[in-house]
Structures are given as structure tokens and as C-alpha cells.
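Everything on this sheet refers to the single structure shown next.
Rendered as C-alpha cells:
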């Protein structure tokens with residue numbers, strides 16, 4: 183009996199060692215980690231460059247096509263209708279078959295639809311359902327872009343140690359600032375020198391080029407290793423009901439949605455705000471300068487998080503402190519923005535507001551890795567799916583308010599109130615501990 187038990191123990195120990203070895207072998211080396219970081223950062227940059235192309239060009243297209251604020255709101259918000267639909271499914275499938283495959287399909291889709299959008303606008307410009315057709319095209323682009331971040335967080339959870347995931351993903355999100363700066367600089371230049379159609383075509387072409395490089399990189403990675411068996415099996419057993427019953431998860435989702443409302447409203451309407459309020463300011467200034475604060479604030483949020491944890495603060499306390507900085511900074515400056523009259527004051531407020539998003543990127547944005555480290559792709563997909571709802575509701579509501587009242591102050595005050603509500607909920611129920 184003792185001999186048999188000992189043999190059985192040795193066999194199980196060997197199996198566990200093999201499983202642990204397999205999981206360890208799936209991790210990226212330092213060189214691979216650097217290569218993938220640069221590639222994913224470029225992809226996120228181009229993702230946001232194509233996403234922000236329509237907000238940049240909307241004032242010009244609206245004037246040319248005689249669109250109302252309500253029509254512009256429908257087109258701007260339609261992106262998020264599709265963005266919401268694909269988050270959960272793409273995260274779940276990425277956990278099963280590998281995030282890089284889903285990411286490649288998504289990149290091909292959003293790059294191609296951006297490149298061909300001028301053709302759609304020109305082809306259907308004389309039709310009765312012109313606005314609806316453009317909105318449908320943007321919805322398709324949003325559906326493809328909604329697959330990006332869930333596949334990224336799934337990929338990193340499969341190939342990075344748990345202690346590295348939050349920092350890696352948090353830094354990747356700074357690509358949103360780089361992409362917006364790319365649109366503001368290159369897009370504004372192309373708009374002045376050529377036409378709005380060229381902006382879509384150039385940014386779409388850059389996206390297609392990155393798609394090709396990603397495909398080549400994915401093939402090389404598949405030759406060296408396959409996705410960890412443990413990662414695929416864990417995704418099959420995600421306890422959805424248990425997750426849905428946890429208040430820390432829903433507080434994370436709700437606060438993420440509140441912050442996204444602020445970010446998406448500014449992302450979609452800020453060029454129009456400057457165009458209406460300060461029409462003499464060069465477009466490249468208003469499309470670039472406010473976003474300069476996002477990248478350094480993301481790094482500052484990362485450094486602050488690391489120092490708080492090193493000083494002995496729990497992950498829960500750290501996430502709440504950093505996220506509170508985000509919400510308070512945004513709410514205060516939104517209320518100030520509602521009253522300012524000079525361009526310099528408005529620009530300063532917007533830099534603080536957008537900079538606050540950098541702290542969000544290192545707090546709630548990485549919270550799924552805290553709450554469900556083995557199912558981060560699926561959980562992030564669900565969180566971002568609900569979090570994208572303000573993309574179409576908030577952006578459309580802003581357009582409706584502007585159409586009815588012509589008051590930017592009303593939009594900013596409402597956005598500040600939603601931020602305060604999100605902060606209160608997260609401080610009350612948020613957590614940085616694993617719940618499943």
C-alpha cells in the first residue's frame with residue numbers, strides 16, 4: 183500500500199511539474215516581450231488613430247453635407263453600437279484559441295472599413311438614408327475594434343507572469359494617446375493639404391500595413407510555441423454566475439462605464455467644441471495639445487501604483503486611490519470648463535481631464551486581472567462591453583443636448599456628475615482581490 187501510494191504521488195507530482203513547465207514555457211522571453219510590446223503599442227496607436235478620424239473630420243463633413251448636430255451625434259455614437267457587441271465574445275474566444283488570431287482578424291476589419299469609408303460617404307450621399315448608411319459603416323468598424331482590447335488582455339494573460347500583466351497592459355493603453363496625436367497631427371496636415379477622404383485612406387493603409395506585420399509575427403510565434411493548455415481549459419470553466427453575483431465586479435464595470443462616458447464624449451465631440459467655440463484656432467493645435475497629457479499621466483499612474491504597493495498598501499487601496507485621482511481631476515475640471523471663456527483656460531482644463539484617463543488606465547482598466555487572473559480576457563470583454571454603452575448613449579445624448587439647448591456647459595456638468603457617481607460606487611464596492 184505504501185509503495186503504491188508513493189508511486190501514485192510521484193506520478194501526480196510529475197504531472198503537476200509538467201503542467202507547470204508547460205505554462206512557464208508559454209511565457210514570453212525578454213526579447214519577445216519587448217517585440218510584442220512595440221507591436222501592440224503600434225497597433226493600439228493605429229486603432230485609436232482610425233477611431234478618432236471621424237471626430238476630427240466630422241465638422242468638415244457636417245458642413246459639406248449640411249448635417250445637423252443630431253445627425254452628427256448619430257454618426258459619432260454609431261461606432262460604439264458595434265463596439266459594445268463584440269467585447270464578450272472576442273474575449274471568450276481569445277481565451278480559447280489565442281488572442282493574436284482574433285486581433286489579426288479585427289485589425290484587418292477595422293483597417294479596411296476605415297480605408298473604404300470615403301467611398302461609402304460619396305456613393306450614398308444622395309440617398310434618403312444617407313446618415314443611417316454611414317452610421318452602419320461606423321458600426322461595423324466599431325464591432326471590429328471592440329475585439330482588440332479583449333484579445334490583447336487575453337494574449338498577455340497567457341504569455342506574461344501575473345505580476346507583469348497589469349503594468350504591461352496599462353502601458354499599452356497609452357497607445358490611445360499616441361493614436362489621437364497621430365490623427366491630430368498627420369490627419370490635420372492631410373486635411374489641410376489634400377481632403378478629408380485622404381485622411382481615411384492614409385490611416386486605413388497604415389492599419390493594413392500593421393495587420394500584415396501582425397500576421398507575420400503571429401506565424402513566427404506559432405512556430406515556436408502553442409497557447410498554454412491551462413489557459414484554454416481555464417476559459418472553459420469560467421464561473422459566470424459566480425462572477426455576476428460579486429459586487430466588486432459590478433462596481434468595476436459601473437465605474438468603468440462612468441469614466442468611459444467622459445472619455446468618449448470628449449473623444450467624439452472635442453473637435454466640434456473647439457470648432458464652435460474657438461473657430462480661429464488652428465485645427466492641429468486643438469486636436470493635438472489636449473492629448474499630450476495622457477501618455478505621461480499613464481506612466482505617473484503606473485509609478486504611483488507601484489510605490490503604493492511597495493509601501494505596503496493593498497491592491498484594493500492602491501486601485502481606489504489611483505482611480506479617485508482620475509475621477510476627481512476630471513469632475514473638477516469639467517465643472518471649470520463649463521464656465522471658462524478663453525481658449526487657454528479651456529485647453530488647460532481639457533489637458534487635466536484627458537490626463538485623468540491615464541490614471542484610469544492603471545487602475546480600473548487593469549482591475550479584471552486582479553479580480554479574475556485566469557479569465558482576464560473574458561472578464562475584460564464583459565466589463566468593456568458594458569463600459570462601451572456610454573459610447574453610444576452618452577455621445578448621442580451630448581449631441582441631442584447640443585441640438586436642443588446649444589449649451590456645452592450642460593454637457594460638461596452632466597459628464598462631471600456621472601464621474602462623481604462612478605467614483606462613489608467604486609470607493610464603496612471596489613476591490614483588488616481575486617473573486618473567482
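Numbering (the working numbering), first residue to last: 183 to 618.
Think of the CB as a built atom: it goes at the ideal place given N, C-alpha and C, for glycine as much as any other residue.
Since this is a predicted model, take the numbers as computed values, not measurements.
Worksheet item: Which of the three DSSP states, helix, strand or coil, is assigned to residue 614?
Response: Reduced to three states, the DSSP call for residue 614 is coil.
Practice prompt. Just the C-alpha distance for residue 323 and residue 493, rounded to the nearest angstrom, thanks.
Written response: Straight-line spacing of the CA atoms in residue 323 and residue 493 works out to 44 Å.
Worksheet entry | Of the residues 505, 561, 470 and 303, the one placed nearest residue 428, counting alpha carbons only | Per the Cα distances, 561.
Practice prompt. Quick one: residues in its chain with C-beta nearer than 6 Å to the C-beta of residue 598, no 5 flanking neighbours on either side, listed in chain order?
Written response: Once the five neighbours on either side are set aside, the close Cβ partners of residue 598 are 513, 516 and 517.
Discussion item. Closer than 8 Å is the cut-off here; do at least three beta carbon pairs connect the region 281–293 with the region 583–590?
Written reply: Not touching, per the Cβ criterion.
Worksheet item: Hey, how far is the Cα of residue 409 from the Cα of residue 250?
Response: Note that residue 409 has pLDDT 46, beneath the 50 cutoff, so the model's placement of it is unreliable and the number below is only indicative. Approximately 49 Å, taken between the alpha carbons.
Worksheet entry | Enclosing alpha helix (DSSP H) for residue 433 [first to last residue] | From DSSP, the alpha helix (DSSP H) with residue 433 extends over 429–459.
Worksheet item: Would you report the Cα separation of residue 414 and residue 479, rounded to the nearest angstrom?
Response: At residue 414 the pLDDT is 46, less than 50, meaning the model places this residue with poor confidence and gives no usable figure here.
Worksheet item: Looking only at its own chain, which residues have a Cβ that is under 6 Å from the Cβ of residue 457, when we skip the five neighbours before and after it?
Response: The beta carbon of residue 457 lies closer than 6 Å to those of 241 in the same chain, with the five residues before and after it left out.
Worksheet item: Could you give the residue range of the alpha helix (DSSP H) that holds residue 502?
Response: Per DSSP, residue 502 belongs to the alpha helix (DSSP H) from 497–519.
Worksheet item: Among the residues of its own chain, which have a CB less than 8 Å from the CB of residue 622, if the five just before and after it don't count?
Response: Here the chain covers residues 183 to 618 and nothing more, so residue 622 does not appear.
Practice prompt. Counting only runs of 4+ residues fully inside the region 284–345, write out the alpha helix (DSSP H) ranges in chain order.
Written response: List check, alpha helix (DSSP H) in window: 312–327 and 330–341.
Fill in: Exposure label - residue 552; buried when at least 16 CB within 10 Å
That one is buried.
Fill in: Residue range of the alpha helix (DSSP H) that includes residue 474
For residue 474, there is no enclosing alpha helix (DSSP H), since its DSSP letter is neither H nor E.
Worksheet item: With distances taken from CA atoms, which of 235, 555, 220 and 237 is nearest residue 421?
Response: Closest in C-alpha terms to residue 421, from the list 235, 555, 220 and 237, comes 555.
Item to complete: Any chance you could list the alpha helix (DSSP H) runs of at least 4 consecutive residues sitting entirely within the region 538–602, in chain order?
Response: Listed in chain order, the complete alpha helix (DSSP H) runs (minimum 4 residues) inside the region 538–602 are 549–553, 558–569 and 571–587.
Discussion item. With three or more C-beta pairs closer than 8 Å as the rule, is the region 467–481 touching the region 523–540?
Written reply: In the pairwise beta carbon analysis, the region 523–540 is classified as touching the region 467–481: at least three pairs are separated by under 8 Å.
Item to complete: Could you spell out the range, first to last residue, of the alpha helix (DSSP H) harbouring residue 254?
Response: Annotation for residue 254: the continuous alpha helix (DSSP H) segment containing it runs 251–267.
Item to complete: Using three-state DSSP, classify residue 382 as helix, strand or coil.
Response: DSSP places residue 382 in the helix class (H, G or I) of the three-state scheme.
Worksheet item: Hey, would you say residue 544 sits closer than 9 Å to residue 605, going by beta carbons?
Response: 9 Å or more divides the Cβ of residue 544 from the Cβ of residue 605.
Worksheet item: So residue 368 is in the alpha helix (DSSP H); what residue range does that whole segment cover?
Response: Taken as a continuous stretch (DSSP letters only), residue 368 belongs to no alpha helix (DSSP H), as it is neither H nor E.
Worksheet item: So what does DSSP say about residue 236, is it helix, strand or coil?
Response: Residue state for residue 236 is assigned as helix, using DSSP reduced to three classes.
Worksheet item: Is DSSP giving residue 523 helix, strand or coil here?
Response: For residue 523, the secondary structure class from DSSP, reduced to helix, strand or coil, is coil.
Practice prompt. Measure how close the beta-carbons of residue 436 and residue 607 come, nearest whole angstrom, since I'm counting them as under 8 Å.
Written response: Between residue 436 and residue 607, the beta carbon gap of about 5 Å places them in contact (Cβ cut-off 8 Å).
Worksheet item: Are at least three pairs of beta-carbons, each pair with one atom in the region 212–229 and one in the region 393–403, less than 8 Å apart?
Response: Remark: three or more beta-carbon pairs, one from each stretch, lie closer than 8 Å, so the region 212–229 and the region 393–403 are flagged as touching.
Fill in: Bounding residues of the alpha helix (DSSP H) (the contiguous stretch that carries residue 619)
This structure cannot speak to residue 619, because the chain is shown only from 183 to 618.
Item to complete: Pick helix, strand or coil for residue 481, following the three-state DSSP scheme.
Response: In the three-state scheme derived from DSSP, where H, G and I count as helix and E and B as strand, residue 481 is classed as helix.
Worksheet item: Taking residue 461 as the reference, which of 489, 485, 488 and 525 has the closest Cα?
Response: Looking at the Cα atoms, 525 is the closest of the given residues.
Discussion item. Let me confirm a value: residue 276 is counted as buried when at least 16 other C-beta atoms fall within 10 Å, else exposed. Which label applies?
Written reply: Buried, since its Cβ has 16 or more Cβ neighbours within 10 Å.
Practice prompt. Compute the Euclidean distance between the alpha carbons of residue 417 and residue 465, then round it to the nearest angstrom.
Written response: Low confidence applies to residue 417: its pLDDT is 45, below 50, so where it sits in the model is not reliable, and the reading given next is rough at best. Using only the alpha carbons, I get a separation of about 46 Å.
Practice prompt. With a threshold of 16 other CB atoms inside 10 Å of the CB of residue 594, please say whether the residue is buried or exposed.
Written response: When all chains shown are included, residue 594 counts as buried.
Worksheet item: Which value, in whole angstroms, describes the spacing of the CA atoms of residue 353 and residue 330?
Response: Looking at the two C-alpha atoms, the distance is approximately 15 Å.
Discussion item. Judging by CA-CA distance, which residue of 299, 220 and 210 is the nearest neighbour of residue 235?
Written reply: Of the candidates 299, 220 and 210, the one whose C-alpha sits nearest the C-alpha of residue 235 is 299.
Discussion item. Quick test of your reading: residue 341 and residue 209, contact by CB under 8 Å. State the CB separation rounded to the nearest angstrom.
Written reply: About 6 Å; that satisfies the 8 Å criterion.
Worksheet item: When the Cα of residue 536 is compared with those of 511, 547, 521 and 520, which residue comes out closest?
Response: Each of 511, 547, 521 and 520 was checked against the Cα of residue 536, and the nearest Cα belongs to 511.
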